[in-house]
Amino acid sequence: MGIRLGLDARKLTDYGIGTYLRHLLAGLAERSDIELTLVVRSGHEQRAQLLAPEARIVSTSAAGYTLAEHIAVPASLWGEKLDLVHVPHYVVPALLTHPIVVTVHDMIQLFYPPARRRMLALLYVRTMLRTAIRRARRVITVSRAARTDLVQLLGTDPGLLSVVLNGVDPELAERPPREDLEELRSLHALRPPLILVVGNDKPHKNVEMVLRAFHLAVRHHRIPGQLVMVGGPALGSRLAERARRLGLGDRVRLLGRVPRHDLACLYHLSSVLLHVALYEGFGLPVLEAMRAELPVVTSNLGAMRELGEGAARLVNPLDVYEVAAALEKVLVDDPLRQRMVAAGRRKADKLPWEATVEATVAIYRQALA
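Numbering (this note's numbering), first residue to last: 675 to 1043.
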């Protein structure tokens, strides 16, 4: 039986959820049993059409986390003959009347709410999460850690929850052309060995600890090379000033947001990925690095432990000495690096996006049963 599916694709260009959406959408578009209708942000229609040429596309200019989206998104789907709507985020528009499946990637905003209007933000997140869970026929989470959080923090019925792990892009295993690597290295004045950090500069990403650990590794372990941070702080940021005061100078390269191809090149140019966040719903950079055969040092917490166990070097993300020592160990111990690369490759092989899409469609059918 075919499913007429509406998919809220307004976060198509975001980092984490955007990666999830792009691969889910591309996989669903190839299936003959799914008839797609996409809700996208105004201006993103062509991008969505390239991923799903046969999909019907409707757009809205309503901003996220506003009252307007609770009206505009249902209005854009008004009259559409849909069996189910998949909302890949915890904000489910209030006036949406179709049967719903929700993906809750994490609860970062409960642990690390915005500093401004903290209590109001916490109330909003809790209300939206509880409402989404109450209204959904099925709730997808992307790790066992995220599932545990939903049960323990919100009292969610475990029977409502399904864990569907994210996949990883197989193309990351292919080394980019040498000229692309050299061009990027020259553009950013990169000097190997490179310690790569992928993520924004929000508190849970723990970037201050990353800088302190690198400083300690340089001063006490005499490690060579540079710390390269992507997706977060850039030149002129508070972290850049902190690096300057520590005397690290051009040993720290803050690249900000980079194109996807450049990120793939950086995975292959680097010697280790350092991902010592305090909380993640999944931790996609860890899996992407493994796919690119890059050794990983990551936190011994939650979803990062799930992904890293048996393949990554797990550390206490609050212990600067442990993080610095792990960096030095992975950089200099070649047999260890080879074992980590092989184990990471095996783990990545088990998590293709095709499996994510297949499991998600199975949940759609459960929701409609």
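Cβ coordinates follow ideal geometry from the N, Cα and C atoms, glycine included.
Check	Outcome
Residue interval of the alpha helix (DSSP H) (run including Met978)	976-982
Same chain, Cβ closer than 7 Å to Glu775, five either side skipped, listed in chain order	At residue 775 the sequence reads Val, which differs from the Glu that was named. The answer, listed in chain order, is Leu758, His760, Ala810, Arg811, Arg812, Ile814, Ile1037, Tyr1038, Ala1041.
Leu770 versus Arg792, Phe785, His744, residue with shortest Cα-Cα distance	His744
Cβ contact (3+ pairs, closer than 8 Å) linking the stretch 966-982 and the stretch 790-808	no
Own chain, CB closer than 6 Å to Ala1000, minus 5 neighbours either side, in chain order	Val971, Arg987, Val989
Ala908 - DSSP class collapsed to helix/strand/coil	strand
Per DSSP, cross-strand counterpart(s) of Gln826	Beta-bridge pairing links Gln826 to no other residue.
DSSP beta-bridge partners of Val989	Ser973
C-beta contact flag for Tyr953 and His878 at 8 Å	yes
Three-way DSSP call (helix, strand, coil) for Glu967 in this model	coil
Same chain, Cβ closer than 6 Å to Thr830, neighbours up to 5 away in sequence not counted	Ile807, Leu824
Status (buried if at least 16 other CB within 10 Å, exposed otherwise) for Arg821	buried
Residue interval of the alpha helix (DSSP H) (run including His760)	No alpha helix (DSSP H) holds His760; the beta strand (DSSP E) holding it covers 758-761.
Exposure label - Lys755; buried when at least 16 CB within 10 Å	exposed
One or two residues paired with Ala715 in a DSSP bridge	Strictly speaking, residue 715 in this sequence is Arg, with Ala absent from that position. According to DSSP, which records beta bridges pairwise, Arg715 is partnered with Thr734.
Rounded straight-line distance, which links the Cα of Lys685 to that of Gly738	9 Å
Opposing strand residues paired with His862 [DSSP bridges]	BP columns for His862 are empty, so no partner.
Own chain, CB closer than 7 Å to Leu928, minus 5 neighbours either side, in chain order	Met903, Pro907, Ala908, Leu909, Ser911, Leu913, Ala914
Length-filtered (3 minimum) beta strand (DSSP E) runs lying within the stretch 914-951	926-930, 946-949
Ser706: first and last residue of the uninterrupted beta strand (DSSP E) it sits in	Per DSSP, Ser706 belongs to no beta strand (DSSP E) and is neither H nor E.
Cβ distance (whole Å) where Ala683 is taken to contact Leu702 below 8 Å	That belief does not hold up - the Cβ atoms of Ala683 and Leu702 are roughly 10 Å apart, past 8 Å.
Backbone CA spacing between Leu901 and Val892 [nearest angstrom]	10 Å
Collapsed DSSP secondary structure at Gly680 in the structure displayed	strand
Residue(s) in a DSSP beta bridge with Thr815	Val778, Val837
Delimiting residues of the beta strand (DSSP E) encompassing Leu868	868-872
7 Å Cβ shell around Leu725 - same chain, five flanking residues per side excluded	Arg696, Leu699, Ala700, Ala703
Close Cβ partners of Pro898 (< 7 Å) along its chain, the five nearest in sequence each way excluded	Pro867
Sequence-distant residues of its chain with Cβ nearer than 8 Å to Cys939 (five each side left out)	Pro850, Asp854, Leu855, Leu858
Closest residue to Gly692 among Leu679, His718, Asp707 (Cα-Cα distance)	His718
N-terminal and C-terminal residue of the alpha helix (DSSP H) that Gly1018 is part of	1008-1023
Touch test, the stretch 1013-1023 against the stretch 957-966, Cβ-Cβ under 8 Å, three pairs minimum	yes
Whether Leu1025 touches Gly841 by CB criterion (8 Å)	yes
Straight-line gap, Gly984 to Ala1029 (C-alpha atoms, nearest Å)	21 Å
Backbone CA spacing between Tyr689 and Leu958 [nearest angstrom]	10 Å
Three-state secondary structure assigned by DSSP to Pro898	coil
Supposed close pair Leu861, Val994 - CB separation, criterion 8 Å	Not quite, the Cβ-Cβ distance comes to about 31 Å (not below 8 Å), so this is no contact.
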